[in-house]
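Colleague: Chains as they are written, first to last, in this note's numbering: chain D, 1269 to 1705; chain E, 1269 to 1705.
Have a look at the structure that comes next, please.
2 protein chains.
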Amino acid sequence: MVPGAVLLAPPPLWAAEGASSIPNLLLVLAAMLIAAKLLGEAAERIGQPAVLGELVAGVLLGSSALGIIPSAGLSGEFIHILAELGVILLLFEIGLETDLKEMFRVGTSSLAVALVGVALPFAFGLVYWLFAPHPGANTVGGELVTAAIFVGATLTATSVGITARVLSDLGQMHTEEAKIIIGAAVIDDVLGLVILTVVSGIAAGTAVSVAGVSTALALAFGFLVVAVGLGSFVAPKLFDFIDQLRVRHVLVVFAFAFALTLAALATLAGSALIIGAFAAGIILSGTNQFDSIESRIRPVAGIFAPIFFVSVGSSVNLNLLNPATPEARATLVIATVLTVLAIVGKVAAGWAAPWAKFRRGLVGVGMVPRGEVGLIFADIGRRTGVLSQESFGAVLLMVMATTFVAPPALKALFKRTSDTAESKPAKPPIHEHKDLE
Amino acid sequence: MVPGAVLLAPPPLWAAEGASSIPNLLLVLAAMLIAAKLLGEAAERIGQPAVLGELVAGVLLGSSALGIIPSAGLSGEFIHILAELGVILLLFEIGLETDLKEMFRVGTSSLAVALVGVALPFAFGLVYWLFAPHPGANTVGGELVTAAIFVGATLTATSVGITARVLSDLGQMHTEEAKIIIGAAVIDDVLGLVILTVVSGIAAGTAVSVAGVSTALALAFGFLVVAVGLGSFVAPKLFDFIDQLRVRHVLVVFAFAFALTLAALATLAGSALIIGAFAAGIILSGTNQFDSIESRIRPVAGIFAPIFFVSVGSSVNLNLLNPATPEARATLVIATVLTVLAIVGKVAAGWAAPWAKFRRGLVGVGMVPRGEVGLIFADIGRRTGVLSQESFGAVLLMVMATTFVAPPALKALFKRTSDTAESKPAKPPIHEHKDLE
């Protein structure tokens, strides 16, 4: 054995090659945060939810405008992972604020809204794509059917992150409609993952069996049920024990580690990061340390969640909106039809639970934003070649339009319907919520 | 122009190749945080500062033991950057708790301690290396002198992060000695960067001029003076304005962005990330929103700072401690001598300011841990070939030993000297500080 080999230590991490890019990365992060808050403030001043400003901040800093946010390389990867931490923290916080009993109470309404909100847009997209004019490739035979299934699948998505932030920005998280929307969006996310598995299989050309789909469904929902069931039993005792430890910050660090663990386990079980983080929040909302955890997690989520929304905004390509060529104009027409179908399909889902009493238009509009979930679907279609560049562009425009149209629409609907007092009264206006910070 | 090119959007970040490793990364992070808190708790139970437990947690999870923390690849890079965010948040928090007037009051003592604490260990290391037996290469002529300069330089480092955490763990941040130590450690860090520039030049074989060294010195200290001077003038007005904004979390997000920006600017000006973060904290400690900012930054720092300490611990190679071969035993002997010189040189610096009254042993011991700064120096020596693998191993053992010996020594000294009430009385014991969390 060579003595040198015994003595050889691994290179210190901070001396790695990429280290010189850290100052640039920090400046990009600072720019993202400052732009998010300034445009969020501007959005609130013109009567819109702050998250709309954060999305616009992302568009402005993104590669099709100022080009400040890197979309590739080590810095791009790092911002992507920080954005994931942001959405994990956001859903964890939303879970902490969620009352499980209330979720069960509105459970059947949520389920009905989710199922109709998946089925209708899927059918709309499938049928439209089979008969619509298609620029670019994939216009005949089996390939057309595959592309149509893909477009339908993309229309089923709902971004629970965007919807929840809008509800939170508006101070409406405790309304009946918010509970139904969050529940339906979570169910929709789980369904979306199953659909994604199936659609990816179709795109890859592998056979899709009923048994395979059933297994994916069982795994995804099974994780949620087992995690919340087991967690609600174990977590109160675990956190009573942790609370007795005297080392500093022990509660908030364990709570954060708990959210990270459940997010990771959810993914490994075939569900999604954000479903695990949401489950972690719901579980910890039943502990005695709930208040301490929530008040300390809030500033952490407040710092990282905007990175997610700015990152979502930065993936928007402004060039798609430039009708310079006939082909681009054709794409814009298709995108417009898709957007209308996407909105009608989700809004109609608001009428899916006739036995319950709630503001149906509000719930339907709450399901409209496709956000990052829609982007993931569309991107798989593009990378596997199922969607041509033109088709991908049209789908992307639909995702963008639904994401940007929902926040102001929700705001307007909450304002109008709370004036007529159809349901629970709305909370006080936003700026009085600042003390919650 | 091809229509497809107009429509082509950049790939969404979350669909990048590395995405599948995110669950694993989250589990590693969770393991780091849980191990940090459990071993931190264990350290406190046996009467040691929590940071010692976090370092041990890193050793256990590191590549020479359990191998859970990746030291390379995308995950390794990501943990490295998160660790940097952790140390930025830590120094920002320490800066927020620092009273600039108090720093100026003890400034001459800090400067004297820093200068002697750099000069003595450098001289000790240089002279010893010229005459010591050396396993491996680099034993003759000019190469020996270069290596000796390098070893001397490595002995000059002080880890302000580790020392500050120990002082904070012990609830002693407001003592006279803590102020002198923090001031001296910051000056030492700035000096260290200048030395690093010079030594890197020597290692690369380039000529080192007095003008070059003076420029590096002026840039590094100049940044600190200009940033704090200008910042103290501008920041109060800026944050009064920000405080009037009504969007949620605006204060903590701007404060964090401010710390990131100054950390980046410090690096670009030839200083260090942590100096910039510390300066940002000092500047914001003079704003009217200081209390709100500090209480909201604290849980964020509480989550991320342990990632830094666990990361430092994970770069320790346990194999170095295995005296299996004669060469390894020879290295252990050299490492022991280096450690003694490293400790004596820094402890002696405690007597550097005879005009001031403070517990000199305490201040000297506070300067002992080399931590991450020493590791950076050692690694440059290894990569440039100035230090042989054996010499690198010996230097690394010295860095480890000084880092691990300081926390318990400081704790013991604070306990003993506060009993005899030589200086200000010590604060109440640690567990009563939990309400500070």
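Ideal Cβ positions, reconstructed from N, Cα and C, are used throughout, including at glycine.
Computed from a predicted model, the values in this text were never measured in an experiment.
Does the distance from the C-beta atom of D/K1328 to that of D/L1320 stay below 8 Å?
Modeller: For this step, residue 1328 of chain D is matched to residue 60 along the first sequence. For this step, residue 1320 of chain D is matched to residue 52 along the first sequence. Position check: residue 1328 of chain D holds Leu in this sequence, whereas Lys was assumed. Not a contact, by the Cβ cut-off of 8 Å.
Colleague: With 16 as the cutoff for other CB atoms within 10 Å, does E/S1378 come out buried or exposed?
Modeller: Indexing the second sequence from 1 puts residue 1378 of chain E at position 110. E/S1378 should be labelled buried.
Colleague: Cβ of E/A1573 within 8 Å of Cβ of E/L1357?
Modeller: The residue given as residue 1573 of chain E occupies position 305 in the second sequence. The residue given as residue 1357 of chain E occupies position 89 in the second sequence. Yes, the Cβ-Cβ distance between E/A1573 and E/L1357 is below 8 Å.
Colleague: List, in chain order, every chain E residue whose beta-carbon is nearer than 7 Å to that of D/T1529.
Modeller: As a position in the first sequence, residue 1529 of chain D is number 261, starting the count at 1. Going along chain E in sequence order, the residues near D/T1529 (Cβ under 7 Å) are L1295 and A1298.
Colleague: Please report the distance separating the alpha-carbon of D/A1525 from that of E/F1491.
Modeller: What you label residue 1525 of chain D is simply residue 257 of the first sequence in a count that begins at 1. What you label residue 1491 of chain E is simply residue 223 of the second sequence in a count that begins at 1. In a straight line, the C-alpha of D/A1525 is about 37 Å away from that of E/F1491.
Colleague: By Cβ distance below 7 Å, which residues in the same chain neighbour E/V1518 in space, the five residues on each side in sequence not counted?
Modeller: Residue numbering aside, residue 1518 of chain E sits at position 250 when the second sequence is read from its first letter. Excluding the 5 residues flanking it on each side, E/V1518 has same chain C-beta neighbours closer than 7 Å at I1510, in chain order.
Colleague: For D/V1633 and D/G1385, I'd like the C-alpha separation in whole angstroms.
Modeller: The sequence position of residue 1633 of chain D within the first sequence is 365, counting from 1. The sequence position of residue 1385 of chain D within the first sequence is 117, counting from 1. So the two alpha carbons sit approximately 11 Å from each other.
Colleague: Whole angstroms are fine: how far does the CA of E/P1676 sit from the CA of E/G1460?
Modeller: By one-based count along the second sequence, residue 1460 of chain E stands at place 192. By one-based count along the second sequence, residue 1676 of chain E stands at place 408. Using only the alpha carbons, I get a separation of about 25 Å.
Colleague: Determine which residues of the region 1340 to 1351 of chain E have a Cβ less than 8 Å from any Cβ of chain D, and write them out in chain order.
Modeller: A1340, L1342, G1344, E1345, F1346, I1347, H1348, I1349 and A1351
Colleague: Using three-state DSSP, classify E/T1431 as helix, strand or coil.
Modeller: Along the second sequence, read from residue 1 onward, the residue named residue 1431 of chain E stands at position 163. Of the three classes helix, strand and coil, the one that applies to E/T1431 here is helix, per DSSP.
Colleague: Secondary structure at D/V1324, three-state DSSP: helix, strand or coil?
Modeller: On the first sequence, residue 1324 of chain D is found 56 positions in, with the first residue counted as 1. Here D/V1324 sits in helix by DSSP.
Colleague: So E/G1429 contacts chain D; which residues on that side make the cut at Cβ distance below 7 Å?
Modeller: On the second sequence, position 161 is the one that residue 1429 of chain E refers to. Correct list: empty, because the minimum Cβ distance to chain D is about 12 Å.
Colleague: What is the rounded straight-line gap between the Cα of D/A1716 and the Cα of E/S1553?
Modeller: Since the first residue of chain D shown is 1269 and the last is 1705, residue 1716 of chain D is not available in this structure.
Colleague: E/I1551 to D/T1424, Cα distance in whole Å?
Modeller: In the second sequence, the residue the question calls residue 1551 of chain E occupies position 283. In the first sequence, the residue the question calls residue 1424 of chain D occupies position 156. CA-to-CA, the gap between E/I1551 and D/T1424 works out to about 50 Å.
Colleague: Hey, is E/T1604's beta-carbon within less than 8 Å of any beta-carbon in chain D?
Modeller: Reading the second sequence from its first residue, position 336 is the one you call residue 1604 of chain E. Not one chain D Cβ lies under 8 Å of E/T1604.
Colleague: May I ask you to list, following chain order, the residues of the region 1501 to 1529 of chain E that have a beta carbon less than 9 Å from some beta carbon of chain D?
Modeller: I1510, L1513, R1514, V1515, R1516, H1517, V1518, L1519, V1520, V1521, F1522, F1524, A1525, F1526, A1527, L1528 and T1529
Colleague: Any C-beta of chain E sitting closer than 8 Å to the C-beta of D/T1535?
Modeller: Start at 1 with the first residue of the first sequence, and residue 1535 of chain D comes out as number 267. Interface residue, yes.
Colleague: With DSSP as the reference, label D/N1406 as helix, strand or coil.
Modeller: Numbered from its first residue, the first sequence carries residue 1406 of chain D at position 138. Note that D/N1406 has pLDDT 47, beneath the 50 cutoff, so the model's placement of it is unreliable and the number below is only indicative. Coil.
Colleague: Measure the alpha-carbon distance for E/A1405 versus E/S1583 and round it to whole angstroms.
Modeller: Looking up residue 1405 of chain E in the second sequence gives position 137. Looking up residue 1583 of chain E in the second sequence gives position 315. Low local confidence applies: a pLDDT of 48 at E/A1405 is under 50, so the model's placement there is unreliable, with the coordinate-based value given in what follows. For E/A1405 and E/S1583, the distance between alpha carbons rounds to 24 Å.
Colleague: Could you list the residues in the region 1299 to 1325 of chain D with a C-beta less than 7 Å from some C-beta on chain E, going in chain order?
Modeller: L1301, I1302, K1305, G1308, E1309, E1312 and A1318
Colleague: Using only alpha-carbon positions, find the residue among D/I1290, D/E1361 and D/G1354 that is nearest to D/S1560.
Modeller: The residue you call residue 1560 of chain D lines up with position 292 of the first sequence. Of the listed residues, the one whose Cα sits closest to D/S1560 is D/E1361.
Colleague: So what does DSSP say about E/S1343, is it helix, strand or coil?
Modeller: Here the question's residue 1343 of chain E lines up with position 75 in the second sequence. Reduced to three states, the DSSP call for E/S1343 is helix.
Colleague: Kindly provide the ranges of any alpha helix (DSSP H) runs that are 4 or more residues long and lie completely inside the region 1577 to 1624 of chain D, ordered along the chain.
Modeller: As far as the region 1577 to 1624 of chain D is concerned, its whole alpha helix (DSSP H) runs of at least 4 residues are 1594 to 1616.
Colleague: The region 1534 to 1563 of chain D: which residues have C-beta closer than 8 Å to a C-beta of chain E, in chain order?
Modeller: T1535, L1536 and L1541
Colleague: Kindly list, in the order they appear in chain D, the residues whose Cβ is closer than 8 Å to that of E/V1568.
Modeller: Here the question's residue 1568 of chain E lines up with position 300 in the second sequence. Within 8 Å Cβ-Cβ: P1567, V1568 and I1571.
Colleague: Residues of chain D with CB under 7 Å from E/P1291, in chain order?
Modeller: For the purposes of this step, residue 1291 of chain E is taken as residue 23 along the second sequence, with counting starting at 1. A1532, T1535 and L1536, listed in chain order.
Colleague: Mapping DSSP to helix, strand and coil, what is D/I1337?
Modeller: In the first sequence, residue 1337 of chain D corresponds to position 69, counting from 1. Three-state result, D/I1337: coil.
Colleague: Identify, in the order they occur along the chain, each residue of the same chain with its Cβ nearer than 8 Å to the Cβ of D/D1456, setting aside the five sequence neighbours on each side.
Modeller: For this step, residue 1456 of chain D is matched to residue 188 along the first sequence. Closer than 8 Å at the Cβ level, and outside the excluded window around D/D1456, lie A1382, G1385, V1386, T1424, A1425, T1426, V1428 and M1635.
Colleague: Could you tell me whether the Cβ atoms of D/L1394 and D/I1417 are closer together than 8 Å?
Modeller: Translated into positions along the first sequence, residue 1394 of chain D becomes position 126. Translated into positions along the first sequence, residue 1417 of chain D becomes position 149. Result yes, Cβ atoms of D/L1394 and D/I1417 sit closer than 8 Å.
Colleague: With a threshold of 8 Å between beta carbons, is E/P1637 in contact with chain D?
Modeller: One-based indexing of the second sequence puts residue 1637 of chain E at position 369. It does not: the Cβ of E/P1637 has no partner Cβ on chain D nearer than 8 Å.
Colleague: Which residues in the same chain as E/P1338 place their Cβ atom closer than 6 Å to its Cβ, once the five residues preceding and following it in sequence are excluded?
Modeller: In the second sequence, counting from the first residue as 1, residue 1338 of chain E sits at position 70. Only G1344 meet the Cβ criterion.
Colleague: Just to confirm my understanding: we take E/R1651, look at its own chain, exclude 5 residues before and 5 after, and list those with CB closer than 8 Å. What are they?
Modeller: Here residue 1651 of chain E refers to the residue found at position 383 of the second sequence. Excluding residues within five positions, none has a Cβ falling inside 8 Å.
Colleague: Please report the distance separating the alpha-carbon of E/T1685 from that of D/L1350.
Modeller: Start at 1 with the first residue of the second sequence, and residue 1685 of chain E comes out as number 417. Start at 1 with the first residue of the first sequence, and residue 1350 of chain D comes out as number 82. If I take the Cα positions, the gap works out to 45 Å.
Colleague: Hey, out of D/A1674, D/A1620, D/Q1657 and D/P1317, whose CA is closest to D/A1452's CA?
Modeller: Residue 1452 of chain D sits at position 184 when you count from the first residue of the first sequence. The candidate whose alpha carbon is nearest that of D/A1452 is D/A1620.
Colleague: At the level of alpha carbons, what is the spacing between D/L1438 and D/G1581?
Modeller: Position 170 of the first sequence, counted from the first residue, corresponds to residue 1438 of chain D. Position 313 of the first sequence, counted from the first residue, corresponds to residue 1581 of chain D. Distance between the alpha carbons of D/L1438 and D/G1581: 20 Å.
Colleague: Sort D/E1595, D/K1683 and D/F1577 by Cα distance to D/M1668 and report the nearest one.
Modeller: Residue mapping note: residue 1668 of chain D aligns to position 400 of the first sequence, counting from 1. The option with the nearest alpha carbon to D/M1668 is D/F1577.
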